[in-house]
Amino acid sequence: MTALKPFGWAKDNLFNTPLNTALTVACLVLLWLVVPPAASWLLLNASWTGASSEACREAAGACWTVIAVKHRLIFFGTYPYDEQWRPFLACALFVAMLGASGVRAFWRPWLAGAWALTLVGMGVLMWGGVLGLSYVANDRWGGLPITLMLSVFSIALAFPLSILLALGRQSSLPAIRTVCVGFIETMRGVPLVSVLFMASVMFPLFLPEGVTVDKLLRALAGMTLFTAAYLAEAVRGGLQAIPRGQYEAADALGLSYWQKTALIVLPQALRIVIPPIVNQFISAFKDTSLVTIVGLYDLLTAATVATTDPEWRPYFAEVYIFAGLMFWIFCFSMSRYSQWLERLANRYTSR
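In structure tokens:
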């Protein structure tokens with residue numbers, strides 16, 4: 001009986017009408033035409049080893065040898081070759097802490113201290129200049145470390161700012177509401193490229209002579225402000241979805257505005273808007289590919305640089321497929337985690 005369930009599901013959902021039957025057959029034919037050749041090119045007939053492009057010329061499939069040869073440039077950009085163990089270790093620590101932060105059993109006060117130690121360790125590894133490590137200026141950084149740090153730090157800074165903006169937009173004080181509305185609508189009305197351009201080119205013109213701000217910090221500030229504006233609208237949607245009775249119940253308990261907001265309103269509002277918030281997190285992660293406009297080498301830009309080598313230029317498709325796979329792994333992980341977080345929140349609220 002159990003073995004027949006898939007057939008019953010297929011009959012009820014894929015072959016229940018003539019139109020659905022035709023669409024199902026068409027999709028199966030399309031898969032038959034696309035999947036075998038793609039698998040053959042990507043895996044079966046691909047070149048996986050070698051130190052030069054000679055092996056790829058003899059293969060009938062993809063040239064993954066280019067990844068084996070250029071993976072350091074893709075992952076770490078122009079960071080000194082002999083010191084690339086440092087960004088590798090920094091990224092490993094960073095990703096490990098991100099994973100630990102997603103485990104509910106680790107949501108304890110000590111996690112904040114662990115993050116502080118991790119950030120200090122990352123700074124020591126990336127910059128150096130202490131403990132016998134040679135100093136590496138951040139204009140030599142690139143690849144995966146730039147993508148991870150810009151995306152995570154901009155999200156971490158933008159999230160609390162977005163909450164303040166969302167609350168300010170609903171404020172009864174006209175001055176605060178006007179400032180918040182003006183900021184949100186201005187940021188949402190321009191593309192991120194324009195914000196990064198302003199941070200890179202225009203902002204230094206307003207600084208006193210001799211005063212400079214690091215371009216990595218300028219890019220982080222631009223991405224933070226841009227992300228905060230979009231997150232604020234997602235949070236505001238959650239605030240508007242809270243029934244009026246919740247506010248009245250909090251007032252009846254004699255709670256102050258900030259107590260009511262922190263204990264009653266925000267927990268419910270944020271639970272409602274978990275999907276759009278995580279969607280914006282994913283968008284912020286992918287938007288790091290635009291920081292090339294300020295001269296930073298993120299993962300995608302480093303992959304592009306890897307394709308400029310004349311020997312490997314014909315195999316640019318494999319390089320971009322690999323870079324896209326890296327982005328997909330992180331974005332898919334965030335998407336799956338948001339679904340788990342949403343189920344967890346719903347389980348506790350349904351008790």
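Under UniProt numbering, the residues of the sequence shown are numbered 1 to 351, in order. Beta carbons: idealized from backbone N, C-alpha and C, even for Gly. Only a predicted model underlies this, so the values are computations on that prediction, with no experimental measurement involved.
* **C-alpha gap between Val-319 and Phe-153, whole angstroms** => 27 Å
* To do: Identify every residue that forms a DSSP beta bridge with Ser-47.
  => Cys-63
* Cβ atoms of Val-136 and Tyr-79: under 9 Å apart, would you say? -> yes
* Asked: Helix, strand or coil: which one does DSSP assign to Tyr-337?
  -> helix
* Asked: Nearest to Asp-309 by CA position, among Ser-53, Leu-30, Thr-24 and Phe-15, is which residue?
  -> Ser-53
* From the DSSP output, which residues share a beta bridge with Gly-143? -> Asp-298
* **Separation of Phe-281 from Arg-169, as counted between CA atoms** => 21 Å
* Can you give, in chain order, each stretch of the alpha helix (DSSP H) that sits fully within the stretch 240 to 318 and has at least 4 residues? -> 244 to 252, 257 to 260, 266 to 272, 274 to 287 and 299 to 306
* Identify, in the order they occur along the chain, each residue of the same chain with its Cβ nearer than 6 Å to the Cβ of Phe-322, setting aside the five sequence neighbours on each side. => Ile-67
* Asked: Using the C-alpha atoms, what's the distance from Tyr-257 back to Leu-296?
  -> 43 Å
* Which of helix, strand or coil does DSSP assign to Arg-108? -> coil
* **Whether Ala-229 touches Ser-162 by CB criterion (9 Å)** => yes
* **Ser-333 to Ser-151 span [Cα, whole Å]** => 14 Å
* **Rounded straight-line distance, which links the Cα of Glu-209 to that of Ile-176** => 33 Å
* Endpoints, the alpha helix (DSSP H) within which Val-34 is located -> 18 to 39
* To do: Would you check if the distance between the CB atom of Leu-270 and the CB atom of Gly-238 is smaller than 9 Å?
  => yes
* To do: Please report how far the alpha carbon of Ala-219 lies from the alpha carbon of Phe-203, in whole angstroms.
  => 11 Å
* **Three CB pairs or more closer than 8 Å across the stretch 115 to 125 and the stretch 82 to 91** => yes
* To do: Compare the Cα-Cα distances from Leu-196 to each of Gln-259, Tyr-81 and Val-291 and report the closest residue.
  => Val-291
* Asked: When burial is assigned at 16 or more other CB atoms within 10 Å of the CB, is Trp-328 buried or exposed?
  -> exposed
* Neighbourhood of Ala-90 by C-beta distance below 8 Å, restricted to the same chain and skipping five residues each side -> Gly-121, Met-122, Leu-125, Met-126 and Pro-145
* To do: Could you check which residue in Trp-141, Thr-212, Gln-240 and Gly-182 has the C-alpha nearest to that of Leu-299?
  => Trp-141
* Same chain, Cβ closer than 6 Å to Phe-76, neighbours up to 5 away in sequence not counted -> Gln-84, Pro-87 and Gly-143
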